[in-house]
Amino acid sequence: MAKYIGLDIGGTKCAAVIGSLSDSVQIEDKIQFPTAGKTPDEILALYSAFIQQKLDGGEQIAGIGIACGSPLNSRLGIIQRPPSLPLWDNIPVVEYFESKFGIKTYLQNDANACAVAEWRYGAGRGTQNMIYLTFGTGFGAGLILDGRLFAGANDNAGEIGHVRLTPTGPLGYFKKGSCEGYCSGGGIRRYALILKEKWQKSGRSSAFLQSTAEEDITAKTLAEGARAGDAFCKAVYKKSGEMLGRSLSILIDLFNPERIAIGGVFMRSHDLLLSHAKRVIAREALPFAAEVCEIVPAALSENIGDVSALTVAKGDFL
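Residues in the sequence shown are numbered consecutively from 28, following the working numbering.
Written out as structure tokens, the structure is:
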């Protein structure tokens, strides 16, 4: 069976995997390391060492797939300075690996890659129209329309994170009040810091705020506080859930999907977000479109980055 290499370049962490693809995905080995503190050259060198180790061990590699946040040019194989990867400015990653190893290499937007992975192997199986939403470092959509990936004229289709929902608010994707400002790990933290100031001025109490240093306020610790019943943490997640509902309503009205699968923070905290989102969808989205659309956590869970990068390596996206 053919083996593939998948490289997942993220704003928080990077990973490299080797595995096979058939009716399911088999991952045989993996390395992972934090992105922070490393230049693109250093990260590419770590990836190259992983690939060379596999080749030296006798593996026959059929393709290399790279999944990364936009903007990028999949046709030219160039990463074009994504917001979470400011050092990756016009980096020709496809040329780098093809010239080094002589193995066909493909690059794809991470949301698009995850959409195809979920469509083939996860929550989107059996659908013809589905959307995958990242909800992690960023907030973007991969679109499967009429049974194929829709990437747009230059790989920028589905950038819902850039849509502004409110005139002011937490910063995300270079815009205050954007979808990403409310619906991302960093956005949840930034909204919490905005609300913290208002909360304290009003004299309201919160055990979470009293016991948690500002640097320890994260989407994860806020979720833990919300589940413990802290009113401040619950208010943060309520707002994020409502803004998620507004974002989903836009997508439902525009694309009429059968299913929307959401990864990242939503996979881990949909119990805190989904009910608020659904109330907004019921008010904002076209009812005939909303009633046929199911909102679910991504089925590939924490493995989605690995599976999506491997899926890119097959080179059969478009």
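Cβ coordinates follow ideal geometry from the N, Cα and C atoms, glycine included.
Would residue i and residue j be called neighbours here (beta carbons separated by less than 8 Å)?
i, j, result
"ALA42", "ILE58", "yes"
"SER328", "MET294", "yes"
"PHE282", "ILE158", "yes"
"SER9", "ALA325", "With the chain covering 28 to 345 only, the question about residue 9 has no answer from this structure."
"CYS338", "VAL44", "Residue 338 is actually Thr in this sequence, not Cys. No, the pair does not count as a contact, with Cβ atoms beyond the cut-off."
"LEU362", "VAL120", "This structure cannot settle anything about residue 362, because the visible part of the chain is limited to 28 through 345."
"GLU145", "ALA288", "yes"
"GLY169", "ALA138", "yes"
"GLY291", "THR161", "yes"
"PRO61", "LYS30", "no"
Can you check which of these residues, the options, is closest to residue i by C-alpha distance?
i, options, result
"ALA258", "ALA89, LYS223, ILE287", "LYS223"
"PRO110", "LEU103, GLY104, LEU99", "LEU99"
"THR164", "GLY212, ASN181, SER233, SER51", "GLY212"
"PRO113", "ASN181, PHE201, ALA150, PHE166", "PHE201"
"ILE93", "PHE124, ASP83, ALA72", "PHE124"
"GLY272", "CYS210, LYS228, ARG254, LEU236", "CYS210"
"THR195", "GLY179, GLY214, ASP182, ALA180", "GLY214"
"ASN156", "SER302, LYS65, LEU176", "LEU176"
"GLU285", "THR193, GLY153, HIS189", "GLY153"
"PHE128", "TYR148, SER51, PHE77, ALA262", "PHE77"
"GLU251", "PHE235, ASN181, GLN87", "PHE235"
Starting from residue i and walking both ways along the alpha helix (DSSP H), at which residues does that stretch end?
i, result
"LYS57", "Careful: LYS57 lies outside any alpha helix (DSSP H), inside the beta strand (DSSP E) at 52–61."
"LEU192", "First-last for LEU192: undefined, no H or E at that position."
"ASP68", "67–83"
Could you spell out the range, first to last residue, of the beta strand (DSSP E) harbouring residue i?
i, result
"SER47", "40–48"
"GLY92", "88–95"
"ASP35", "30–36"
"ILE289", "286–289"
Just list the alpha helix (DSSP H) runs in the segment 197–282, keeping only unbroken ones of 4 residues or longer that don't cross its boundaries, in chain order. Taken in chain order, the whole alpha helix (DSSP H) runs of length 4 or more contained in the segment 197–282 are 206–209, 212–228, 234–238, 246–254, 258–282.
Three or more beta-carbon pairs under 8 Å between the segment 187–207 and the segment 244–252, yes or no? The answer is no - the segment 244–252 does not touch the segment 187–207, with fewer than three Cβ pairs under 8 Å.
Please give the ranges of any beta strand (DSSP E) in the segment 308–344, keeping only runs that are unbroken, at least 3 residues long and fully inside the region. Whole beta strand (DSSP E) segments, 3+ residues: 321–324.
Ignoring anything shorter than 3 residues or poking outside the segment 102–167, list the beta strand (DSSP E) runs there in chain order. Unbroken beta strand (DSSP E) runs of no fewer than 3 residues, entirely contained in the segment 102–167, are found at 105–107, 116–118, 132–136, 157–160, following chain order.
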